[in-house]
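In the numbering used here, the protein residues as written are 1 to 353. Each residue gets a CB set at the ideal place from its N, CA and C atoms; glycine is no exception. First up is the structure itself, then whatever we jot down about it.
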Ligand code: SAH
């Protein structure tokens, strides 16, 4: 039993069962005991590994797609180059390096990072090594400027609510306490408006997820883009529509029980891209598998160019990384890309309207 477990059992005993969203939010972002407050979760020694940590090619191609989109929109200056959930800063470092030679891009950009984790902010400060970074706790304080934003594995970390279909309505999945231990249970009947459209295509027993926090972020960044121009590239695992129970916990690269060690495991859910597309007032692209997106941007040519300077184990690792990012049996199909862009503009390269 850890400190966060004790805190949650006390909170539930005093106030009653909590929603899955409140549980997820306490576990991930409790200011003192939460997962992101207490560690760097990324990499081989951590709990999970992400695309930019697998290969520099991922960030390079994302950077070129955003920069081309910026050129296509008339190279607005100044503009905000932003990342939601920058982790170790690796993706942004690769974006900045790959766009160094895009005329005017660096002179016009202001760097904005949305991050709540203090240990990760420290790492971002070190990795990026520049004085002009503005950190934000959420999207609402981003500046009123053209916004070119990337979010990789950010939306999957935002708290979800889960609802179970009954004959005529819904019950919400909750976390309660039984014999001193955390347990899942169900609320009394509820009728959330946001689920009205799901009644016709679900059956009793089905589980549906909502991510109000994700929809709110999509609404805010989409409004900036619709109003001032820009583009957002959202990359994550998930699909077009909620997929049943996708609430999961990862610890040291293994799936664990999400209620077992609160605050010590990464908690995520698959992203419902349709819900993000519904929330944005901007245009949005077709949802595209990560492998297809990266192939269209020329990852194979880039991989071959990098391979020329490699041999032995480094070459093996590089070939495996290319496969891991693009292959259908690895991240190529599970991960998807959705872009937001303004009226009158084309979607960023790699994506279709
Ligand atoms: N994009 C990075 C890291 C992904 S991990 C990569 O691809 O490697 C998720 C990131 O989102 C971390 O930086 C985490 O601290 C941040 N994060 C999670 N929940 C957040 C929230 N509610 N608000 C702001 N940042 C959050």
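So what does DSSP say about residue 157, is it helix, strand or coil?
-> Residue numbering aside, residue 157 sits at position 157 when the chain shown is read from its first letter. Here residue 157 carries a helix assignment [DSSP, helix/strand/coil].
Following the continuous alpha helix (DSSP H) through residue 240, name the residue where it begins and the one where it ends.
-> Translated into the one-based positions of the chain shown, residue 240 becomes position 240. No alpha helix (DSSP H) contains residue 240, which DSSP labels as neither H nor E.
If we ignore side chains and look at the alpha-carbon of each, how far apart do residue 204 and residue 259 end up?
-> Your numbering for residue 204 matches position 204 in the chain shown. Your numbering for residue 259 matches position 259 in the chain shown. Distance between the alpha carbons of residue 204 and residue 259 is about 25 Å.
Where does residue 293 fall in DSSP's three states?
-> Here residue 293 is taken as the residue at index 293 of the chain shown, counted from 1. Looking at residue 293 - three-state DSSP - the assignment turns out to be helix.
If we call anything under 7 Å between Cβ atoms a contact, is residue 25 one with residue 212?
-> In the chain shown, counting from the first residue as 1, residue 25 sits at position 25. In the chain shown, counting from the first residue as 1, residue 212 sits at position 212. Contact annotation: residue 25 and residue 212 have beta-carbon atoms that are not nearer than 7 Å.
Compute the minimum distance between the beta carbon of residue 6 and the heavy atoms of the ligand SAH, and state whether it is under 6 Å.
-> For this step, residue 6 is matched to residue 6 along the chain shown. Residue 6: no, Cβ never under 6 Å from the ligand SAH.
Where does residue 370 sit, in a helix, a strand or coil, going by DSSP?
-> Since the first residue shown for the chain is 1 and the last is 353, residue 370 is missing from the structure and cannot be characterised.
Hey, could you find the ends of the beta strand (DSSP E) residue 336 is sitting in?
-> Sequence index remark: in the chain shown, residue 336 carries index 336 (1-based). Its beta strand (DSSP E) spans residues 335-341.
Environment of residue 126 [buried if 16+ CB atoms lie within 10 Å] | Taking the first residue of the chain shown as 1, we reach residue 126 at position 126. When all chains shown are included, residue 126 counts as exposed.
Measure the alpha-carbon distance for residue 317 versus residue 42 and round it to whole angstroms.
-> Here the question's residue 317 lines up with position 317 in the chain shown. Here the question's residue 42 lines up with position 42 in the chain shown. Answer to the nearest angstrom: the Cα atoms are 18 Å apart.
First and last residue of the beta strand (DSSP E) that includes residue 268?
-> Residue numbering aside, residue 268 sits at position 268 when the chain shown is read from its first letter. From DSSP, the beta strand (DSSP E) with residue 268 extends over 266-268.
CA-to-CA distance, residue 73 to residue 44, given in whole angstroms = For the purposes of this step, residue 44 is identified with residue 44 of the chain shown, where counting begins at 1. For the purposes of this step, residue 73 is identified with residue 73 of the chain shown, where counting begins at 1. When rounded, the distance between both Cα atoms is 39 Å.
Uninterrupted alpha helix (DSSP H) stretches inside the stretch 46-79 (no shorter than 4 residues) | Counting only runs of 4 or more, we get 51-54 and 56-72.
Beta-carbon of residue 250 versus every beta-carbon of chain B: anything under 7 Å?
-> No chain B appears in the structure shown, which is made up of a single protein chain.
Is the stretch 88-96 close to the stretch 53-71, with three or more CB pairs under 8 Å?
-> The stretch 88-96, when compared against the stretch 53-71, does touch it at the 8 Å Cβ threshold.
To the nearest angstrom, report how far apart residue 169 and residue 312 are at their CA atoms.
-> By 1-based counting over the chain shown, the position of residue 169 is 169. By 1-based counting over the chain shown, the position of residue 312 is 312. So the alpha carbons of these two residues sit roughly 60 Å apart.
Could you give the DSSP three-state label for residue 197: helix, strand or coil?
-> The residue labelled residue 197 in the question sits at position 197 within the chain shown. It is helical.
Under the DSSP definition of a beta bridge, which residues are partnered with residue 10?
-> Within the chain shown, residue 10 is the residue found at index 10, counting from 1. Here residue 10 is not bridged, per DSSP, to any residue.
Compare the C-alpha of residue 268 against each of 132, 155, 68 and 32 and name the closest.
-> Residue mapping note: residue 268 aligns to position 268 of the chain shown, counting from 1. Ranked by how close their Cα comes to the Cα of residue 268, the residues 132, 155, 68 and 32 have 155 in first place.
How is residue 258 classed by DSSP in three states: helix, strand or coil?
-> The residue you call residue 258 lines up with position 258 of the chain shown. In the structure shown, residue 258 adopts coil according to DSSP, grouped into three states.
Go through its chain and collect everything with a Cβ distance to residue 299's Cβ below 8 Å, but skip five positions before and after it.
-> The residue labelled residue 299 in the question sits at position 299 within the chain shown. The residues are 57, 61, 322, 325 and 326.
For residue 118, which of helix, strand or coil comes out of DSSP?
-> Counting from 1 along the chain shown, the entry for residue 118 is found at position 118. If DSSP states are grouped into helix, strand and coil, residue 118 belongs with the helices.
Environment of residue 141 [buried if 16+ CB atoms lie within 10 Å] = Translated into the one-based positions of the chain shown, residue 141 becomes position 141. By the 10 Å Cβ count, residue 141 comes out exposed.
Would you be able to state if there are at least three C-beta pairs under 8 Å between the stretch 65-79 and the stretch 20-35?
-> Fewer than three beta-carbon pairs drawn from the stretch 20-35 and the stretch 65-79 are found closer than 8 Å, and the two stretches are therefore not classed as touching.
Verify the contact flag: residue 325, CB atom, against every heavy atom of the ligand SAH, threshold strictly below 6 Å.
-> Walking along the chain shown from the start, residue 325 turns up at place 325. It does not: the Cβ of residue 325 is nowhere closer than 6 Å to a heavy atom of the ligand SAH.
Residue 154: beta carbon under 6 Å from a heavy atom of the ligand SAH?
-> As a working note, residue 154 is residue 154 in the chain shown. In this structure, the ligand SAH has a non-hydrogen atom nearer than 6 Å to the beta-carbon of residue 154.
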